[in-house]
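What follows is a short report on a single structure.
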Amino acid sequence: MAAVHPSRTDTWWRDAVIYQIYPRSFADGDGDGTGDLAGIRTHLPYLSELGVDAVWFTPWYLSPLVDGGYDVADYRAIDPAFGTLEEAEKLIAEADEFGIRVIVDIVPNHVSDQHAWFRAALEAGPGSPERERFHFRPGRGENGELPPNDWPSQFSGTTWTRVPDGEWYLHLFTPEQPDLNWSHPAVRREHEDILRFWFERGVAGVRIDSAALLTKHPDLPDFTEGVDPHPYIDQDEIHDIYRSWRAIADEYDGVFVGEVWLPDAERFARYLRPDELHTAFNFNFLSCPWDAGRLRRTIDDTLAEHAPVHAPATWVLCNHDVTRTVTRYGRTDTGFDFGTKEFGTPSDLQLGTRRARAAALLTLALPGSVYLYQGEELGLPEADIPLDRIQDPMHFRSGGTDPGRDGCRVPLPWAADEPSCGFGARTEPWLPQPADWARYAVDRQDTDPDSMLSLYRTALLLRRSTEGFGDGPLTWLPAEDGVLAFARGNGLVCVVNLSGRSIGLPPHEELLLASSPLDSDGRLPGDTAVWLRR
Ligand code: NOJ
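Here the sequence shown is numbered in my numbering, starting from 1469 and rising by one per residue.
Okay, here's the thing in structure tokens:
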């Protein structure tokens, strides 16, 4: 029986497949080396054919792009490198014609140091009302020469920068990203207005950046490892903000997805209470190694933590901040951890690709929504960026030890034989494409039934047209060590073999899809997943 297209229902977000677009690297419409909205608009048919229900755009607002656009100078304007507000409106409307909803990315924790509020705060000086919208403080030490507290930055180093008049301001990320003071009513009002601005323009949802960091302990006390509650992560007061946001979203049938990195399941689930956020990214799943026991535990924990608040889980393997899936799965350590990233970690890409294919079928069979990061459907590996081309502040702030996040942000290859692999750049793209990028090009994969792209297209089509996937219960089936086997509705079964040896398949009527060919005797080889119908 054909299921209703999820993007046509009002609970579409409970089991949607959402494609993440990093506009700078998706497609370059004007040829200047940076991706843009014009480029995205020409590829909407591609997204429609891929079969996604929604797209999430990482920030496209006016920005000096110090942190890839997460340093916003004006939340109501599109950066000229990407296009205009009028083009964004057209893009939202055109996507809708393809049945694709749009999610924008709001960055409430901080602004760019070029934002009008911060410039006014610098100009107005100590004690001014303009400074109250940020966290300005005098320094410690005899002459105020020491930062006001010892908070470590999310990007290594200090969280404080001193301005010429002697005061310091707080920035959890780079100095170009001053933190807003969320106990100031104007900050709350402004963001409520920004939400309305984008909902009025027809967006279906909002991704909330650094969603657990907004509120700070009013005294900004020193941070001592293990101190509870943490002075700036997951403060109880934050939920009041999201309750007021939810009321706004409900007026527009809009939905939220929060970037909530919290290992504690109970604390995480608080963000998903019925009057707060609809969904949040599942970073525990993203960080989980390719290991059947660990994956099963993560899946169980995820479902258990979401159940009491009736929120759907999300399943994410990759995004613009982390190592690309095929590279991660081809390494000895197949988990993800910001703290252990280093240059030169070897990876067996063939193995990683095989696993990533199996992981795609696993992820798409789980109950909830799925996020797919641009290029994941092409099996792109993490690229090595020459040192002199690295742009990511995470690299520089680590003192050069962390390779940074540019390796997963390289412009997409669309056409193997065209300059910049069809990305559209008439000049050098903003990040260099590796020499072998053409082999991953969309036009090479398009007609190859064994390509990663074909696997994703087939899987998304099946997921959409077959009742039993998406939202709903999951039942584990008996399986040998190293094997994940579970049933969904309507007789659907997913088996993923991580055991390293071939296994027999459970009894079934139909083999719907396999991530790699079965053995000649019909057994399921290692690092392979299948969808069956019993
Ligand atoms: C999370 C975003 O995903 C990341 O790219 C950004 O650097 C930080 N938040 C700061 O906004």
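Backbone N, C-alpha and C fix where the C-beta goes; we use that ideal spot for every residue, glycine too.
Small disclaimer: the values here were computed from a predicted structure and weren't measured.
query                                                                                                                                   : result
Status (buried if at least 16 other CB within 10 Å, exposed otherwise) for residue 1800                                                 : exposed
Beta-carbon proximity of residue 1768 to residue 1735, cut-off 7 Å                                                                      : no
Secondary structure of residue 1663, DSSP reduced to three states                                                                       : helix
Secondary structure of residue 1997, DSSP reduced to three states                                                                       : strand
Opening and closing residue of the beta strand (DSSP E) in which residue 1542 lies                                                      : 1542 to 1546
3-residue-minimum beta strand (DSSP E) runs that sit fully inside the segment 1835 to 1886, ordered along the chain                     : 1837 to 1841
Residue 1538: CB within 6 Å of a non-hydrogen atom of the ligand NOJ                                                                    : yes
For residue 1954, the residue or residues it bridges with in DSSP                                                                       : 1944, 1962
Those residues which DSSP pairs with residue 1648 across a bridge                                                                       : 1602
Cβ distance (whole Å) where residue 1486 is taken to contact residue 1534 below 8 Å                                                     : Actually they are not in contact, since the Cβ atoms of residue 1486 and residue 1534 sit about 27 Å apart, beyond 8 Å.
Near the ligand NOJ: residue 1987 beta-carbon under 6 Å from a heavy atom                                                               : no
CB-CB length for residue 1836 against residue 1794, believed under 8 Å                                                                  : Contact doesn't hold; Cβ gap of about 23 Å is too wide.
Cβ-Cβ distance between residue 1771 and residue 1827 below 7 Å                                                                          : no
Nearest-angstrom Cβ-Cβ length linking residue 1944 and residue 1954, presumed shorter than 8 Å                                          : 5 Å
Cβ-heavy atom distance, residue 1789 to the ligand NOJ, below 6 Å                                                                       : yes
Under the three-state DSSP convention, the category residue 1608 falls into                                                             : strand
Contacts around residue 1912, its chain only, beta-carbon distance under 8 Å, and the 5 residues preceding and following it disregarded : 1884, 1906, 1919
Contacting residues, own chain, Cβ-Cβ under 6 Å from residue 1482 (five flanking each side not counted)                                 : 1780, 1939
For residue 1735, the residue or residues it bridges with in DSSP                                                                       : According to DSSP, residue 1735 bridges with nothing at all.
Rounded C-alpha distance that separates residue 1653 from residue 1661                                                                  : 12 Å
Span of the alpha helix (DSSP H) around residue 1490                                                                                    : Run containing residue 1490: none; DSSP gives neither H nor E here.
Every unbroken alpha helix (DSSP H) within the segment 1748 to 1812, with a cutoff of 4 residues, ordered by chain                      : 1751 to 1755, 1760 to 1774, 1793 to 1797
Residue 1561: first and last residue of the uninterrupted alpha helix (DSSP H) it sits in                                               : 1553 to 1565
Beta-carbon proximity of residue 1923 to residue 2002, cut-off 7 Å                                                                      : no
Where residue 1987 falls: helix, strand or coil (DSSP)                                                                                  : coil
Rounded straight-line distance, which links the Cα of residue 1528 to that of residue 1788                                              : 14 Å
Exposed unless 16 or more other CB atoms sit within 10 angstroms - verdict on residue 1611                                              : exposed
Validate contact between the segment 1708 to 1719 and the segment 1759 to 1767 using beta carbons, cut 8 Å, 3 pairs                     : no
Residue 1496 to residue 1551 span [Cα, whole Å]                                                                                         : 11 Å
Rounded separation between residue 1732 and residue 1548 - CA only                                                                      : 40 Å
Check: residue 1677 C-beta below 6 Å from any heavy atom of the ligand NOJ                                                              : yes
Burial state of residue 1692, where buried means 16 or more other Cβ atoms lie within 10 Å                                              : exposed
Given 8 Å, three or more beta-carbon pairs between the segment 1564 to 1574 and the segment 1588 to 1606                                : no
CB contact flag (residue 1753, residue 1729, <7 Å)                                                                                      : no
Residue span of the beta strand (DSSP E) that contains residue 1573, given as start and end                                             : 1569 to 1574
Assumed close pair residue 1675, residue 1571 - CB separation to whole angstroms, cut-off 8 Å                                           : 6 Å
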